[in-house]
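All residue numbers for the sequence shown refer to our numbering, where the first residue is 76 and numbers rise by one. Heads up: the structure comes next, in structure tokens.
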Amino acid sequence: MHRQTATVNGRVHELTADEARALLDRQARRYLGMSGSEFVRRWDAGEFDGNPDRPEVMRVAMLLPFGR
Numbered sequence: 076m077h078r079q080t081a082t083v084n085g086r087v088h089e090l091t092a093d094e095a096r097a098l099l100d101r102q103a104r105r106y107l108g109m110s111g112s113e114f115v116r117r118w119d120a121g122e123f124d125g126n127p128d129r130p131e132v133m134r135v136a137m138l139l140p141f142g143r
């Protein structure tokens with residue numbers, strides 16, 4: 076099983092699968108106004124292909140391994 080980690084208060088914290096999905100969800104809502112699952116669906120459908128370098132899209136896209 077692949078484990079995800081995040082830095083919290085300067086310390087590395089191993090995330091559970093639920094925590095990893097929640098992190099993706101929070102950031103998708105913060106930067107794009109949509110849920111993490113909606114972002115994953117739209118990313119996989121190619122809806123961001125026209126302009127993938129938008130900073131707010133890339134901030135969330137970098138978290139895709141956390142939400143799968």
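Beta carbons: idealized from backbone N, C-alpha and C, even for Gly.
For residue 138, no beta strand (DSSP E) run applies, since DSSP gives it neither H nor E. Apart from sequence neighbours up to five positions away, the residues of its chain that approach residue 131 with a beta-carbon distance below 8 Å are 106 and 107, ordered along the chain. Judged by DSSP secondary structure, residue 94 falls within the alpha helix (DSSP H) whose first and last residues are 92-107.
Burial state of residue 128 is exposed, judged by a 10 Å Cβ sphere holding fewer than 16 other Cβ atoms. In this structure, the CA atom of residue 143 is about 8 Å from the CA atom of residue 96.
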